[in-house]
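Numbering (UniProt numbering), first residue to last: 1 to 314.
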C-alpha cells in the first residue's frame, strides 16, 4: 500500500487496546504525549487548538493521555482538565506525574511523603478529576528511600485518589525495590531507534515483573520527523537547543543515522517518523509509545502506523 493510501486508511482507523502491566490497567496501544502543547518546545500553543487536537485523538481511539505537573509548570494539567469536560473524562486513561518542580530557572526533585500527597491533591484539582488513573514518580529522589515514596503512593491507591502507580526514568534496582512495596503498573522511559540503552537491564526487568512499558519520545524528540534540519530550526524556548544530541558537533553522526533510517523507510514506502514509530510498536504488545504533537495532521501520520499490516515490519 502506498503511503497516501495508508494515510487515508488512518483517517478511519481505531487504535487497538492493550493491557499495560499485570495489574488490570488497559490503555490505547498508542498514547498522546501532551507536554509540547504547553512547555519546553517553544511558545505554548493556543488552548482551543490543543483541546480540538485532544478531542480528535480521543475520537480516533487514542485515549491514553500523558501529562505532568511540571509541564508549564501546571498549565498542561489545567489544559487537559478543560479538554476532559462534557463526558470526555470517562473515555480516557489519564496519566500525570509528580516529583519534579521548576522554580527560578532550577529543577528540584522530591519524593518526600508529604510532598507526594500535596502534589497529588494539587494535580487532582488542576485536572478537575476525582481520581488519576496512572500516577508516576517523574524522577527518583535519591535522598528519600523509594520504599518510603511508594508507601505513600500505596496509601493514595487505597484512598481511591489514584488507580495505578508508575515510575519514570528509574533504574532496574529501584524498580525492583518499588515493586516489592506495591505493584508497579508502568515504567516510562525514552525508547526509540535513537535511544536503546534501556534494553540491557530495564526492559528485561519490567518484563520479568509484569510491568508495562510507556515509551516517550519514540520519534527521537522530533529528529525522525524532521531530520538534521530540526537542529537548525529550534526556536528560543525549545529545551532541545541545549541537549547534547542536538548540538552542532553531533550533527554528522546524527545525519548518518537519519540517512540510514530514511533509506529503510523509502523501501517500505513510508516516512522516517512512521518507520521509527512502527519500530517501537514492534517491540511488543506490552509497550505503549506516547508520541507528542501539536498538529492534527501529525496525529494522522502517527495513526498511519496503526493500520494493522503496517505495525509489524517485514
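Here a beta-carbon is modelled for each residue, glycine too, at the ideal position from N, C-alpha and C.
This structure is a prediction, so every number in the text was calculated from the model and none was measured.
query = Excluding five sequence neighbours on each side, which residues of the same chain lie with their C-beta closer than 8 Å to the C-beta of residue 26?
reply = For the purposes of this step, residue 26 is taken as the residue at position 26 of the chain shown. Residues of the same chain with a CB within less than 8 Å of the CB of residue 26, apart from the 5 flanking positions on each side, are 17, 18, 19, 20, 93 in chain order.
task = Taking residue 145 as the reference, give the member of 103, 293, 181 with the closest Cα.
result = Your numbering for residue 145 matches position 145 in the chain shown. Of the listed residues, the one whose Cα sits closest to residue 145 is 181.
key: Cutoff 8 Å; reference residue 174; Cβ partners in own chain excluding five residues on either side   = To locate residue 174, count along the chain shown from 1; it is residue 174. Excluding residues within five positions, the ones whose Cβ falls inside 8 Å are 140, 146, 167.
request  = Using beta-carbon positions only, say whether residue 72 and residue 39 come within less than 8 Å of one another.
outcome  = In the chain shown, counting from the first residue as 1, residue 72 sits at position 72. In the chain shown, counting from the first residue as 1, residue 39 sits at position 39. Cβ atoms of residue 72 and residue 39: closer than 8 Å.
message = Quick check: the Cα distance between residue 265 and residue 294, rounded to an integer number of angstroms?
response = One-based indexing of the chain shown puts residue 265 at position 265. One-based indexing of the chain shown puts residue 294 at position 294. Taking the straight line from one Cα to the other gives about 24 Å.
Same chain only: Cβ atoms within 6 Å of residue 314, ignoring 5 sequence neighbours per side = As a first step, residue 314 is located in the chain shown; it is residue number 314 there, counting from the start. Note on residue 314: pLDDT 42, under 50, position unreliable in the model; the coordinate value appears next. Cβ neighbours of residue 314 beyond the five flanking positions: none.
request  = Might you give, ordered along the chain, the residues of its own chain that have their beta carbon closer than 8 Å to the beta carbon of residue 176, omitting 5 neighbours on each side?
outcome  = Here residue 176 refers to the residue found at position 176 when the chain shown is read from its first residue. Contacts found: 205, 209.
key: Distance between residue 22 and residue 211 (C-alpha atoms, nearest Å)   = In the chain shown, the residue the question calls residue 211 occupies position 211. In the chain shown, the residue the question calls residue 22 occupies position 22. For residue 211 and residue 22, the distance between alpha carbons rounds to 6 Å.
ask   = What residue range is occupied by the uninterrupted beta strand (DSSP E) comprising residue 133?
value = As a first step, residue 133 must be located in the chain shown, where it is residue number 133. Segment 132 to 137, the beta strand (DSSP E) holding residue 133.
query = How many angstroms separate the CA atom of residue 76 from the CA atom of residue 263?
reply = As a first step, residue 76 must be located in the chain shown, where it is residue number 76. As a first step, residue 263 must be located in the chain shown, where it is residue number 263. If you take the alpha carbons of residue 76 and residue 263, they lie about 37 Å apart.
Rounded C-alpha distance that separates residue 312 from residue 214 = Numbered from its first residue, the chain shown carries residue 312 at position 312. Numbered from its first residue, the chain shown carries residue 214 at position 214. Residue confidence for residue 312 is low, a pLDDT of 42 falling below 50, so the modelled location carries little weight and cannot support an answer.
Cβ neighbours of residue 116 in the same chain (closer than 7 Å, five flanking residues each side left out) = As a position in the chain shown, residue 116 is number 116, starting the count at 1. So the qualifying residues of the chain are 98, 149, 152, 153.
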